[in-house]
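Mapped onto the UniProt record's numbering, the consecutive letters of the sequence shown carry residue numbers 1 to 443.
Backbone N, C-alpha and C define an ideal beta-carbon position, used for all residues, glycine too.
Values in this document were obtained by computation on a predicted structure and should not be read as measured data.
Input: a single structure, listed below in structure tokens.
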Amino acid sequence: MKSNNDNSVTTLVHIHCQQFKEWTTRPCPTEGSHTLYKWQVKLHSSFFSSTLVDSILVFCYFPARMTTAGKIIKCRAAVAWEPNKPVVIEEIEVAPPQSNEIRIKIVATGVCHTDLYHLFEGMHKDGFPAVLGHEGAGIVESIGPGVTEFQPGDKVIPLFISQCRQCRFCKSPKTNQCEKGWAADKYDVMAPEESRFTCRGKKVLQFMGTSTFSEYTVMNQVAVAKIDPAAPLDKVCLLGCGICTGYGAAVNTAKVEPGSTCAVFGLGAVGLAAVMGCNAAGAKRIIAVDINPEKFEKAKVFGATDFVNPKDHDKPISQVLSEMTNGGVDFSLECTGNVEVMRSAFESCVQGWGISVIVGWTDLADVATRPVQLIGGRTWKGSAFGGFKGRDGVPLMVERYLEKKLMLDEFITHETTLDQINDAIELMKHGKCIRTVLKVASE
Numbered sequence: 001m002k003s004n005n006d007n008s009v010t011t012l013v014h015i016h017c018q019q020f021k022e023w024t025t026r027p028c029p030t031e032g033s034h035t036l037y038k039w040q041v042k043l044h045s046s047f048f049s050s051t052l053v054d055s056i057l058v059f060c061y062f063p064a065r066m067t068t069a070g071k072i073i074k075c076r077a078a079v080a081w082e083p084n085k086p087v088v089i090e091e092i093e094v095a096p097p098q099s100n101e102i103r104i105k106i107v108a109t110g111v112c113h114t115d116l117y118h119l120f121e122g123m124h125k126d127g128f129p130a131v132l133g134h135e136g137a138g139i140v141e142s143i144g145p146g147v148t149e150f151q152p153g154d155k156v157i158p159l160f161i162s163q164c165r166q167c168r169f170c171k172s173p174k175t176n177q178c179e180k181g182w183a184a185d186k187y188d189v190m191a192p193e194e195s196r197f198t199c200r201g202k203k204v205l206q207f208m209g210t211s212t213f214s215e216y217t218v219m220n221q222v223a224v225a226k227i228d229p230a231a232p233l234d235k236v237c238l239l240g241c242g243i244c245t246g247y248g249a250a251v252n253t254a255k256v257e258p259g260s261t262c263a264v265f266g267l268g269a270v271g272l273a274a275v276m277g278c279n280a281a282g283a284k285r286i287i288a289v290d291i292n293p294e295k296f297e298k299a300k301v302f303g304a305t306d307f308v309n310p311k312d313h314d315k316p317i318s319q320v321l322s323e324m325t326n327g328g329v330d331f332s333l334e335c336t337g338n339v340e341v342m343r344s345a346f347e348s349c350v351q352g353w354g355i356s357v358i359v360g361w362t363d364l365a366d367v368a369t370r371p372v373q374l375i376g377g378r379t380w381k382g383s384a385f386g387g388f389k390g391r392d393g394v395p396l397m398v399e400r401y402l403e404k405k406l407m408l409d410e411f412i413t414h415e416t417t418l419d420q421i422n423d424a425i426e427l428m429k430h431g432k433c434i435r436t437v438l439k440v441a442s443e
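If you want it as structure tokens, here you go:
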């Protein structure tokens with residue numbers, strides 16, 4: 001099958017002669033849906049004399065996009081109608097992609113704590129109704145005018161941080177922010193009022209511009225990463241957020257050095273990915289900190305060398321780590337979203353050169369420390385999506401996984417379907433999983 005930019009398709013069908021087990025191809029005479037044709041075909045073979053086959057059944061398959069491109073798609077999605085309530089599986093309408101947009105069939109998605117934060121903690125009533133989800137992977141169903149880098153059938157990962165490659169942020173190696181996304185609170189890419197979702201006659205918002213808890217979503221092409229066609233979507237979907245976020249915080253933001261000592265606070269998926277990043281960067285000692293000791297064995301798999309449960313000590317955890325490391329760690333990464341833990345992680349760093357990175361997300365409280373902690377030479381940094389410029393960095397992370405240089409399977413503790421999304425949310429809410437992957441649609 002050959003596909004051109006204008007979505008035209010040249011389709012070849014295989015014709016099988018049962019008598020000689022011979023294959024050949026012929027152009028399909030018409031374009032339509034699944035159709036059976038009876039043809040009289042003359043097969044020529046160097047092994048057999050010319051033979052007239054009276055009738056052959058030919059199965060001619062045309063991709064679904066031949067019938068859906070440019071049209072509204074009705075599909076299933078998990079809609080969050082209001083804060084602090086279970087999401088509801090609904091039939092929604094997904095509009096066709098507009099200029100520079102791509103419509104994607106979501107095959108698999110992870111459930112991330114940021115989804116729960118919006119649902120249970122953020123409580124922003126103007127953020128509902130919405131389709132949550134931002135850690136997915138899928139296949140391009142159709143493209144809008146002006147799309148140049150994608151074709152229907154491409155495997156892709158939606159990005160909640162865009163990369164237009166043109167703005168001053170994208171051109172700078174100092175950041176992965178983009179003027180067409182989060183930078184300066186701009187939402188030029190798929191602004192809320194431009195959502196392509198409708199349900200029960202109401203506009204439904206696209207969470208973080210992605211909305212992977214839907215069988216189909218629409219994204220601007222600057223917020224989509226094209227990946228290796230060999231990539232298993234039910235694994236690499238995790239690179240849409242959690243794994244890149246933690247791994248990159250260590251490698252890109254903290255820039256962990258070989259032989260250094262690191263501490264990672266919080267051992268969810270992001271924290272474990274940070275442990276993996278510290279290990280990949282060559283850290284000699286990686287201290288895993290969590291109040292749930294059941295997570296320590298999993299942290300060991302990703303490279304942790306020491307384990308500390310703050311509940312086991314009657315002194316501040318920063319003091320515990322300082323005593324363990326002759327004055328403090330070289331690098332600390334906070335992956336909980338708790339402002340008190342952020343402070344503890346920062347104050348666990350060694351004076352003079354210690355670097356602490358805030359990775360966990362919250363906007364409910366301020367974070368503070370004594371100025372002398374900064375004056376003494378410690379550095380406090382923040383990291384979003386691990387500092388990765390998504391369109392460039394995510395495909396490289398996929399390649400690392402395919403080359404067995406990056407672990408993903410080990411993060412997945414549960415697999416289920418979109419219908420069981422509320423069960424998956426409860427698992428995450430109560431800390432009973434690392435990552436649950438939802439099978440959303442078939443490839």
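In the three-state reduction of the DSSP assignment, D306 falls in the strand class, which pools E and B.
Counting C-beta pairs with one atom in each stretch, the stretch 250-266 and the stretch 378-391 have three or more that are closer than 8 Å, which means they touch. Exclusion of the five residues before and after L406 leaves M397, R400 as the residues of its chain whose Cβ lies within less than 7 Å of its Cβ. Taking the Cα positions, S344 is about 48 Å away from S142. For the pair I161 and A223, the CB atoms are nearer than the 9 Å cut-off. Per DSSP, reduced to three states, the secondary structure at V289 is strand.
One Cα belongs to P86, the other to T369, and the distance between them is close to 37 Å. T217 is bridged by DSSP to I104.
In this structure, the straight-line span from the alpha carbon of D330 to that of A280 is close to 16 Å. Using a Cβ distance threshold of 9 Å, S211 and G133 count as a contacting pair. In this structure, the CA atom of T68 is about 30 Å from the CA atom of D392.
Counting only runs of 3 or more residues that sit fully inside the stretch 118-156, the beta strand (DSSP E) segments are 136-143, in chain order. By the beta-carbon neighbour count (other beta carbons within 10 angstroms, threshold 16), R103 is buried. Cβ contact annotation for C335 (same chain, cutoff 7 Å, sequence separation greater than five): G246, V264, F265, G266, G268, V270, G271, A274, V359, G360, in chain order. Straight-line spacing of the CA atoms in T148 and L116 works out to 35 Å. For V440 against T109, the beta-carbon gap comes to about 6 Å, under 8 Å, which counts as contact.
Secondary structure within the stretch 364-422: the alpha helix (DSSP H) runs of 4 or more consecutive residues, fully enclosed, are 371-375, 390-402 (chain order). Around the C-beta of P395, 16 or more other C-beta atoms lie within 10 Å, and the residue is accordingly described as buried. Less than 9 Å separates the beta-carbon of D234 from that of E415. The C-alpha of A77 lies about 22 Å from the C-alpha of A225.
Per DSSP, the unbroken beta strand (DSSP E) holding Q206 starts and ends at 202-206.
According to the DSSP assignment, T261 belongs to the beta strand (DSSP E) that extends over 261-265. Annotated three-state conformation of L159 is coil, per DSSP. If you draw a straight line from the Cα of C199 to the Cα of E215, it comes to about 14 Å. Checking the DSSP bridge columns, you'll see I358 partnered with E334, G382. Judged by DSSP in its simplified three-state form, G110 adopts strand.
Here V156 is not near I92, since their CB atoms are 9 Å or more apart.
The beta-carbon separation of A231 and L402, rounded to 6 Å, stays under the 8 Å limit for a contact. As a beta-bridge residue in DSSP terms, T436 pairs with H414. In the structure shown, I227 adopts coil according to DSSP, grouped into three states.
Cβ atoms of F346 and R378 come within 8 Å of each other, at about 7 Å.
For the pair G259 and I286, the CB atoms are not nearer than the 9 Å cut-off. Taking E121 as reference, the option from K255, I421, C349, G337 with the minimal CA-CA separation is G337. Taking every protein chain shown into account, the CB of T417 has fewer than 16 other CB atoms within 10 angstroms, so this residue is exposed. In the structure shown, V350 falls within a coil segment according to DSSP collapsed to helix, strand and coil. Within a 10 Å sphere around the beta-carbon of N292 sit fewer than 16 other beta-carbons, which makes this residue exposed.
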